[in-house]
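Some notes on the structure that comes next.
Numbering (the working numbering), first residue to last: 29 to 226.
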């Protein structure tokens, strides 16, 4: 079972990341952070086995991985819903919701209805104390997360640059830097600024 990956980033779009290890094997990981193409990264991984294959979910810290696996033990919660909870509200807010019996805080996540929220609170009550939340074990691979709007802008700009004949290794970091420097509303403006820097 794969629990940790370290290697070169071949592709990253804020949904999935492909990491090539030293043996030359590329692993496709569900990973919400956008990481720089061509750079080395380290990701904690939770392996999910189903009839149609093996699926890897990536996390920046060991605590996040443990929290995700704890969510999987909740009755009726599958990996996609657990990952949505982890990436959209995070361990701290989930823990707070459990301790304060706040079903509404959990049910705002897609795939989590009132019944599922109540089940999460029921199953996790008293089980969170041993998980140290918020401690970064892997600071080198953690990067600021982009908003959903920024991720869409990133993906639109990447597609446009590829159509113009550029390679991801040429522009990936520039696009990320531009998104961190200022707020963009339209991909056209972002594309113009990136092209000026190429």
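The beta carbon of each residue, even a glycine, is placed where N, CA and C say it ideally should be.
Check the Cα spacing between residue 138 and each of 123, 105, 155: the tightest is with 105. When the beta-carbon positions are compared, residue 221 and residue 206 come within less than 8 angstroms of each other. Counting along the chain, the unbroken alpha helix (DSSP H) around residue 126 starts and ends at 118–128.
For residue 47, there is no enclosing alpha helix (DSSP H); the enclosing beta strand (DSSP E) has its first and last residue at 44–48.
By the neighbour-count criterion, in which 16 or more other beta carbons inside 10 Å mark a residue as buried, residue 45 falls on the buried side.
Taking C-alpha positions only, residue 195 is separated from residue 69 by approximately 20 angstroms. Here residue 226 is near residue 202, since their CB atoms are less than 8 angstroms apart. Beyond the five residues adjoining it in sequence on each side, residue 85 comes within less than 6 angstroms, by CB distance, of 58, 74, 111 in the same chain, given in chain order. For residue 36, the enclosing beta strand (DSSP E) covers residues 32–40. Residue burial annotation: residue 47 is buried, with at least 16 other C-beta atoms found within 10 angstroms of its C-beta.
In the structure shown, the three-state DSSP call for residue 204 is helix. Listed in chain order, the non-local C-beta contacts of residue 100 below 7 angstroms within the same chain comprise 107, 110, local neighbours out to five positions each way being set aside. Non-local beta-carbon contacts of residue 129 in its own chain, meaning distances under 7 angstroms to residues more than five positions away in sequence, involve 149 in chain order. Rounded to the nearest whole angstrom, the CA to CA distance from residue 215 to residue 97 is 36 angstroms. Distances from the CA of residue 211 to each of 182, 223, 199 were compared; the closest alpha carbon is that of 182.
Cα atoms of residue 121 and residue 35: separation of roughly 31 angstroms, rounded to the nearest angstrom. The Cβ-Cβ distance between residue 152 and residue 186 does not fall below 8 angstroms. In the structure shown, residue 148 falls within a helical segment according to DSSP collapsed to helix, strand and coil. Closest in C-alpha terms to residue 208, from the list 37, 197, 193, 177, comes 177.
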